[in-house]
């Protein structure tokens with residue numbers, strides 16, 4: 084007889100996926116590569132391991148709280164621990180193609196995928212880096228060679 | 145969360161680093177809105193944020209409960225801090241702030257490198273993360289300084305600032321409480337002052353040969369006594385916290 088009363092990893096993954104990065108409303112933290120692991124036991128105790136994009140990110144508490152709230156609402160979940168890991172270190176290659184497209188279309192933000200030239204989200208021309216430090220800690224500033232616009236670029 | 149069971153000498157050693165990082169981060173963030181140009185305003189904000197993040201990772205190792213980090217930072221007596229003079233002193237000029245950023249970040253990676261093979265696994269991970277971020281700090285500081293040194297008026301101001309700041313860096317490298325225990329326990333691979341020559345080489349490669357006396361003069365306080373600028377700085381840092389110390393952020 085199956086007496087399992089806990090939620091499944093898949094159920095939990097599905098709700099964690101609904102949590103957006105507070106800096107990019109509409110873009111899932113899972114697509115940005117923040118979710119590292121989900122553990123759940125038979126009595127519904129859940130541990131969700133996340134990795135921060137960078138160590139001084141001020142949004143960590145809000146993200147952890149959002150993840151905890153959506154997970155606690157699942158039936159079969161008794162206790163939720165959200166843990167920020169120091170390893171692995173986040174990098175832009177963890178960003179999914181879906182999130183890359185959304186960042187480009189909704190926020191005109193490019194992504195600095197390793198060894199790939201950063202293209203302007205507006206005109207697709209190549210860009211050159213102007214500063215590693217932009218309006219937010221995880222964005223560098225590039226300039227488009229085609230339209231001369233500033234291209235904010237997600238970086239690690 | 146793993147409970148911290150580090151010996152007190154080791155905690156003291158890590159505290160010096162954490163406090164340096166925290167105050168350096170706070171000092172950088174004071175340029176938000178008033179840096180001479182927008183790019184620097186943003187860079188100092190981001191770099192400061194990184195240093196505050198590094199400090200938090202170290203405080204989390206020292207404290208038994210990471211939820212106490214804020215209270216620990218904002219509710220300590222001045223004599224309980226272990227920061228160095230370089231991060232406590234109030235450099236009001238932009239050139240001094242830039243030179244301090246350059247000097248501090250050219251010293252910081254050398255400090256994290258000592259943890260690469262630490263006996264404390266978590267420290268190895270933290271240093272890996274910090275070193276990745278520090279690469280950008282050095283690139284930023286050095287590119288700007290390199291450019292400014294080509295302008296005679298900027299160069300003379302930078303060189304004057306450098307003469308003020310180098311002796312403070314000497315203290316940063318020396319006499320870290322708990323260092324002997326940190327080395328014998330394998331927490332750290334060597335004395336920080338042993339890599340001072342690497343730092344000095346970086347300085348003289350960028351700025352040219354300096355008066356050797358600058359590298360031996362230290363405002364030596366052993367990190368026990370606070371700089372006279374600490375009290376007003378700490379006042380600004382705690383201002384919001386003290387409005388409602390029990391508030392949840």
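Chains as they are written, first to last, in the numbering used here: chain A, 84 to 239; chain B, 145 to 393. C-beta atoms are modelled at their ideal positions from N, C-alpha and C, and glycine is treated no differently.
The continuous beta strand (DSSP E) containing residue 107 of chain A extends over residues 107-111.
Taken in chain order, no unbroken stretch of beta strand (DSSP E) lies wholly in the segment 152-234 of chain B with a span of 3 residues or more. Annotation: residue 233 of chain A to residue 347 of chain B spans about 33 Å, alpha carbon to alpha carbon. DSSP places residue 211 of chain A within a strand segment (E or B) once states are collapsed to three. The beta carbon of residue 244 of chain B lies closer than 7 Å to those of 230, 235 and 309 in the same chain, with the five residues before and after it left out. With fewer than 16 other CB atoms across the displayed protein chains lying within 10 angstroms of its CB, residue 388 of chain B is exposed.
For residue 169 of chain A, the chain B residues whose C-beta falls within less than 8 Å of its own C-beta are 201, 266, 269, 270 and 273, listed in chain order. As computed with DSSP, residue 167 of chain A is found in a beta bridge with A:133. If you draw a straight line from the Cα of residue 303 of chain B to the Cα of residue 203 of chain A, it comes to about 40 Å.
Interface residue (Cβ-Cβ distance to chain B less than 8 Å): residue 177 of chain A is not classified as such.
Under the three-state reduction of DSSP, residue 125 of chain A is assigned to coil, being neither helix nor strand. In this structure, DSSP gives residue 261 of chain B a state outside helix and strand, which the three-state scheme calls coil.
Taking a cut-off of 8 Å on C-beta distances, the segment 277-295 of chain B touches the segment 243-258 of chain B, as three or more cross pairs fall below it.
For residue 196 of chain B, the closest Cβ of chain A is nearer than 8 Å. In the DSSP assignment, residue 96 of chain A falls within the unbroken alpha helix (DSSP H) covering 92-99. The C-alpha of residue 377 of chain B lies about 7 Å from the C-alpha of residue 232 of chain B. Taking a beta-carbon distance threshold of 8 Å, residue 183 of chain B counts as an interface residue toward chain A.
Out of A:106, A:119 and A:125, the CA that lies nearest to the CA of residue 91 of chain A is found in A:125.
Excluding sequence positions up to five before and after residue 123 of chain A, its CB lies within less than 7 Å of the CB of 89, 90, 92, 95 and 129, all in the same chain and listed in chain order.
Against chain B, the beta carbon of residue 234 of chain A has no neighbour under 8 Å; the closest one sits roughly 15 Å away. Taking the C-beta atoms as reference points, residue 325 of chain B is found nearer than 8 Å to residue 151 of chain B. Judged by their CB atoms, residue 217 of chain B and residue 158 of chain B are not nearer to each other than the 8 Å cut-off. Pairing residue 165 of chain B with residue 318 of chain B, the inter-Cα distance amounts to about 16 Å. Assignment of beta-bridge partners to residue 337 of chain B by DSSP yields no partner. For residue 301 of chain B, no beta strand (DSSP E) run applies; the uninterrupted alpha helix (DSSP H) run containing it begins and ends at 296-317, by DSSP. Assignment of residue 146 of chain A by DSSP, reduced to helix, strand and coil, places it in the helix class. Sequence-distant partners of residue 266 of chain B (beyond 5 residues in either direction) whose C-beta falls short of 7 Å from its own C-beta, in its chain, are 205. Chain-ordered, the chain A residues with CB closer than 7 Å to the CB of residue 186 of chain B read 216, 217 and 218.
Taking 8 Å as the cut-off, the beta carbon of residue 370 of chain B is found no closer than this to the beta carbon of residue 172 of chain A. Burial is judged here by how many other beta carbons sit within 10 angstroms of a residue's own beta carbon; residue 344 of chain B has at least 16 and is buried. Between the beta-carbon of residue 315 of chain B and that of residue 365 of chain B there is about 7 Å, and that keeps the pair under the 8 Å contact cut.
Neighbours of residue 123 of chain A in chain B, taken as residues at a C-beta separation under 8 Å, are lacking, since the least C-beta distance is about 19 Å.
For residue 386 of chain B, no beta strand (DSSP E) run applies; the uninterrupted alpha helix (DSSP H) run containing it begins and ends at 374-387, by DSSP.
Against chain B, the beta carbon of residue 172 of chain A has neighbours under 7 Å at 272, 273 and 276, listed in chain order. Between residue 171 of chain B and chain A, the shortest Cβ-Cβ separation is not below 8 Å. Residues of chain A whose Cβ lies closer than 8 Å to the Cβ of residue 284 of chain B are, in chain order, 214, 215 and 216.
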